[in-house]
Amino acid sequence: MSEKIKLCDLSKCTGCRGCQLACKQWNQLPAKQTVNYGTYQNPPDLQPNTWNVIRFQEISENGAVDWLFRHDACMHCTDAACVKVCPSGALYHTKYGTVALDSAKCIGCKECVFACPFEVPRYDPETDKVIKCDMCYSRIDNAMQPACVKACPTGALRFGDKKEMLQIAYARAKELGGDASVYGDTFVDGTHMIYVLPRKAAVYDRLPEKPRVPFSVIAWKDWLKPLSLLAAGGVVGGAFLHYIIHGPKDTSGGGDQASREGGE
Amino acid sequence: MKKGMIKVSDSFERIVHWCMAISCIILMISGLGMMFHSFNFIAIPVGGLKNLKLIHNFTGLVFIPSLLFAILIWWKEAGIFRFPEDLEWIKVAGGYLWHVDKVPETGKYNPGQKAFFWAVAFFGVVMIVTGLIMWFPLGFPVKLVRWMYTLHALGFFVIFSFFFVHLYLGTVGVPGSVSAILTGWVTRSWAEKQCPKWLKEMEESGKLEVSE
Ligand code: HEM
Ligand code: SF4
Ligand code: SF4
Ligand code: SF4
Chain G
222 MSEKIKLCDL
232 SKCTGCRGCQ
242 LACKQWNQLP
252 AKQTVNYGTY
262 QNPPDLQPNT
272 WNVIRFQEIS
282 ENGAVDWLFR
292 HDACMHCTDA
302 ACVKVCPSGA
312 LYHTKYGTVA
322 LDSAKCIGCK
332 ECVFACPFEV
342 PRYDPETDKV
352 IKCDMCYSRI
362 DNAMQPACVK
372 ACPTGALRFG
382 DKKEMLQIAY
392 ARAKELGGDA
402 SVYGDTFVDG
412 THMIYVLPRK
422 AAVYDRLPEK
432 PRVPFSVIAW
442 KDWLKPLSLL
452 AAGGVVGGAF
462 LHYIIHGPKD
472 TSGGGDQASR
482 EGGE
Chain F
956 MKKGMIKVSD
966 SFERIVHWCM
976 AISCIILMIS
986 GLGMMFHSFN
996 FIAIPVGGLK
1006 NLKLIHNFTG
1016 LVFIPSLLFA
1026 ILIWWKEAGI
1036 FRFPEDLEWI
1046 KVAGGYLWHV
1056 DKVPETGKYN
1066 PGQKAFFWAV
1076 AFFGVVMIVT
1086 GLIMWFPLGF
1096 PVKLVRWMYT
1106 LHALGFFVIF
1116 SFFFVHLYLG
1126 TVGVPGSVSA
1136 ILTGWVTRSW
1146 AEKQCPKWLK
1156 EMEESGKLEV
1166 SE
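Chains as they are written, first to last, in the working numbering: chain G, 222 to 485; chain F, 956 to 1167.
As structure tokens, this is what we get:
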């Protein structure tokens, strides 16, 4: 099965939040009461019951004010730090290259929460499990589009084969010109959500410029894990070899201590 | 009991030793079950990975006081290197690796055992601090929590390696050692080989306990 990509063209997003709502509807995630904290962004961040959120950002340039809207959700990394650390196998790659989550297996250890370079997974104290966008696995596996893509009225969100989506993305970035770029295909071995960013990545709130699997995760999973197996083999094998080559220590009291009495 | 046996540990030392040893073994086995997917099967007898995680976390709570008492009990005898005898011992690796005519006499614990003490004391504290943060990570800075997992895995690597050497040398590698931590009594010849300097000092000060 070919890899699929959700393309998110921010130049076309009007901040209508249809995707945010469609996600809640399909995944049955009723909203909770929130408070206004001085911005249109609501809720303030990704939550256990909000798997995609439109980030609202106001920037002023040369006296003019501009609105930035960013559909923020799981990036579905190929080299996914969350999958790498998950001890239970709850997080896994699907045949579409996306990262889904088998909730029944999740033990709520929160290791993925801290591994993700995009800080996406959210811990839900009510279920004692972690949850995130699964690219609507139940839908895409039945040849439907993800709910958010389906709901998007402007065509900012699209879903399709990797090759086709990348072509569209690069053509669009070229068309936009200036600082416009494609974001996602060049790091963590390629993400399965990619952006067309009209501005430099650094401008966007909470969007890492050079995301990568954290070094601590690489040291932990790629180095220390094999090293500890090697060490385990080393000490077990070493002890055995010591026993048969050098032999155990003689504590029975030979030599000049032979005549000493006691405990024999 | 046979006559002439020598007392090397009191009951409090033995209780602390076994609380620490058993909790540490449970922590290593349950940790292994979470560390490698191929060891996930360790969770089957306890009804799943979630239970294994809880067993690991709560056994950690037994390990914490055991380690603290162990450090309090043993730091004087096993935590301080004494020169020159310890250096002499290190030069010949205590006679454990090649034949040595006369192994330099050391106190109650030899430098190998002192290294083990330090590995357990230092990395034990590392395991406790990192483990507690990993258990309740929400609210700590992301970058800090990320390194906790790495340090916890490093500690596992060190503790497991030393643990197995300790297990070997405490049993078949040095016959007669197990009773030191089971009953507290060892043979005189064992004490003469394992802690000659300590034995002499205890005899001279008249503090040595010998079975009648
Ligand atoms: C001798 C001491 C210990 C050993 C050998 C040990 C070993 C391990 C190992 C091998 C892992 C799996 C790491 C991985 O996936 O790479 C682990 C995970 C973990 N350990 Fe320990 N550990 C020890 C002490 C503790 C203590 C004292 C605590 C805290 C009370 C603790 C809490 C944790 C937590 C929270 C995890 C992550 C999994 C989870 O969420 O339960 N550990 N440990
Ligand atoms: S964005 Fe985070 S949660 Fe999503 S696949 Fe990548 S590492 Fe995992
Ligand atoms: S919280 Fe759940 S999904 Fe995340 S790493 Fe732990 S078991 Fe895996
Ligand atoms: S792909 Fe599905 S789960 Fe993910 S944000 Fe869109 S609607 Fe939500």
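The beta carbon of each residue, even a glycine, is placed where N, CA and C say it ideally should be. Note that this is a predicted model, so its numbers are computed, not measured.
In angstroms with no decimal places, state the Cα-to-Cα distance between residue i and residue j.
i         : j         : result
F:Gly1110 : G:Ala364  : 47 Å
F:Val1081 : F:Glu1043 : 31 Å
G:Gln486  : G:Leu322  : Only positions 222 to 485 of chain G appear in the structure, and residue 486 of chain G is not among them; the question remains open.
G:Ser169  : G:Ile361  : Because chain G is modelled from 222 through 485, residue 169 of chain G falls outside the range shown and cannot be assessed.
G:Lys253  : G:Gly399  : 40 Å
F:Leu1093 : G:Asp471  : 54 Å
F:Glu1159 : F:Glu1060 : 16 Å
F:Leu1154 : F:Val1127 : 23 Å
G:Leu267  : G:Ala294  : 8 Å
G:Cys298  : G:Val370  : 19 Å
G:Asp349  : F:Gly1086 : 18 Å
G:Gln249  : G:Lys442  : 35 Å
G:Ile328  : F:Arg1037 : 48 Å
G:Ile226  : G:Cys240  : 16 Å
G:Thr315  : G:Lys421  : 31 Å
G:His292  : F:Ile1010 : 40 Å
G:Gly459  : F:Ile1028 : 30 Å
G:Ile465  : F:Ala1108 : 31 Å
G:Glu430  : G:Ala392  : 22 Å
F:His1121 : F:Met983  : 15 Å
G:Arg276  : G:Cys234  : 11 Å
G:Tyr258  : G:Pro265  : 8 Å
G:Ala479  : F:Thr1142 : Interpretation of G:Ala479 is limited by its pLDDT of 39, a score under 50 that renders its predicted location unreliable; no figure is taken from the coordinates.
G:Ala302  : G:Pro374  : 32 Å
F:His972  : G:Gln278  : 59 Å
F:Met975  : G:Cys330  : 25 Å
G:Cys229  : F:Tyr1104 : 34 Å
F:Met956  : F:Glu1164 : 13 Å
Under the rule that 16 or more other beta-carbon atoms within 10 Å means buried, what is residue i, buried or exposed?
i         : result
F:Glu1167 : exposed
G:Asp410  : exposed
G:Leu445  : buried
F:Gln1068 : buried
G:Thr260  : exposed
F:Val963  : buried
G:Phe489  : Absent from the model: residue 489 of chain G. The displayed extent of chain G is 222 to 485, so no value can be given.
F:Ser966  : exposed
F:Trp1053 : exposed
F:Ala1146 : buried
F:Phe1013 : exposed
F:Ser1021 : buried
G:Ala325  : exposed
F:Phe1078 : buried
F:His992  : exposed
F:Ala1025 : buried
G:Asn283  : exposed
G:Gly484  : Residue placement at G:Gly484 is flagged as unreliable, the pLDDT there being 38, under the threshold of 50; the coordinate-derived value follows with that caveat. G:Gly484 is buried by the Cβ-count criterion.
F:Val1039 : Reading off the sequence, residue 1039 of chain F comes out as Pro, not Val. So F:Pro1039 ends up on the exposed side.
F:Gly1062 : buried
F:Gly988  : buried
G:Phe436  : exposed
F:Trp1102 : buried
F:Ser1116 : buried
G:Gln388  : exposed
Determine, for residue i, whether the minimum Cβ-Cβ distance to residues of chain A falls below 8 Å.
i         : result
F:Thr1014 : Within the model displayed, chain A is absent; protein chains G and F are what it includes.
| said: Using a Cβ-Cβ cutoff of 8 Å, what residues of the region 1148-1161 of chain F are near chain G? List them in chain order. | reply: Considering only beta carbons, the part of the region 1148-1161 of chain F lying closer than 8 Å to chain G consists of Lys1148, Gln1149, in chain order.
Enumerate, from N- to C-terminal direction, the unbroken beta strand (DSSP E) stretches of 3 or more residues contained entirely within the region 291-364 of chain G. As far as the region 291-364 of chain G is concerned, its whole beta strand (DSSP E) runs of at least 3 residues are 312-314, 320-322, 343-345, 350-352.
Chain-ordered residues, beta carbon under 5 Å from a heavy atom of ligand 4:
Cβ-based neighbours of ligand 4 within the cut-off: G:Cys244, G:Trp272, G:Asn273, G:Ala294, G:Cys354, G:Met356, G:Cys357, G:Pro367, G:Ala368, G:Cys369.
Notebook entry, point to check: Which ranges does the alpha helix (DSSP H) cover as unbroken runs of at least 4 residues, wholly within the region 1009-1074 of chain F, from first to last along the chain?
Noted result: DSSP assignment within the region 1009-1074 of chain F yields the following whole alpha helix (DSSP H) runs of 4 residues or more, N-terminal first: 1040-1046.
For the region 335-355 of chain G, list every residue whose C-beta sits within 8 Å of some C-beta in chain F, in sequence order. The region 335-355 of chain G vs chain F, Cβ under 8 Å: Phe335, Ala336, Glu340, Tyr344.
* Unbroken alpha helix (DSSP H) runs of length 4 or more, entirely within the region 1127-1151 of chain F: which are they? -> When DSSP assignments are scanned along the region 1127-1151 of chain F, the uninterrupted stretches of alpha helix (DSSP H) that are 4 or more residues long and fall wholly within it turn out to be 1133-1137, 1143-1149.
Self-check item: Completely contained alpha helix (DSSP H) runs for the region 962-1001 of chain F, where each covers 4 or more residues
Solution: Listed in chain order, they are 966-990.
- Message: Suppose only complete runs of 3+ residues qualify. What are the beta strand (DSSP E) ranges in the region 399-443 of chain G, listed by chain order?
- Response: Counting only runs that start and end inside the region 399-443 of chain G, the beta strand (DSSP E) elements of at least 3 residues fall at 402-404, 414-418.
**Study point:** chain F contacts from the region 441-456 of chain G (Cβ-Cβ distance under 7 Å)
**Key:** So the close ones are Trp441, Leu445, Lys446, Leu448, Ser449, Ala452, Ala453, Val456.
| task | Please name the residues in the region 1065-1092 of chain F whose beta-carbon is closer than 7 Å to at least one beta-carbon of chain G, in chain order. | result | Here the close residues are Pro1092.
**Prompt:** What residues in the region 418-442 of chain G have a beta carbon less than 8 Å from any beta carbon of chain F?
**Reply:** Hits within the stretch, in order: Pro435, Ser437, Val438, Ala440, Trp441.
Residues of the region 318-336 of chain G with Cβ closer than 9 Å to any Cβ of chain F, in chain order: Within the region 318-336 of chain G, Lys326, Cys327, Ile328, Gly329, Cys330, Lys331, Glu332, Val334, Phe335, Ala336 place their CB atoms closer than 9 Å to a CB of chain F, listed in sequence order.
*Which residues, in chain order, does the region 1112-1130 of chain F contribute to contact with chain G at a C-beta distance below 7 Å?*
Answer set for the region 1112-1130 of chain F: Phe1112, Phe1115, Ser1116, Phe1119, Val1120, Tyr1123, Val1127, Gly1128, Val1129, Pro1130.
Report the residues of the region 985-997 of chain F with a CB closer than 8 Å to any CB of chain G, ordered along the chain. So the list reads Met989, Met990, Phe991, His992, Asn995, given in the order they occur along the chain.
ask   = For the region 1008-1042 of chain F, which residues have a CB atom closer than 7 Å to at least one CB atom of chain G, in sequence order?
value = Answer set for the region 1008-1042 of chain F: Lys1008.
Residues, ordered as in the chain, of the region 239-251 of chain G that lie near chain F by beta-carbon distance below 9 Å:
Taking 9 Å as the upper bound on Cβ-Cβ separation, chain F lies near no residue of the region 239-251 of chain G.
Quick one: complete beta strand (DSSP E) runs, 3+ long, within the region 369-402 of chain G? With a minimum length of 3 residues, the continuous beta strand (DSSP E) runs that stay inside the region 369-402 of chain G are 378-382.
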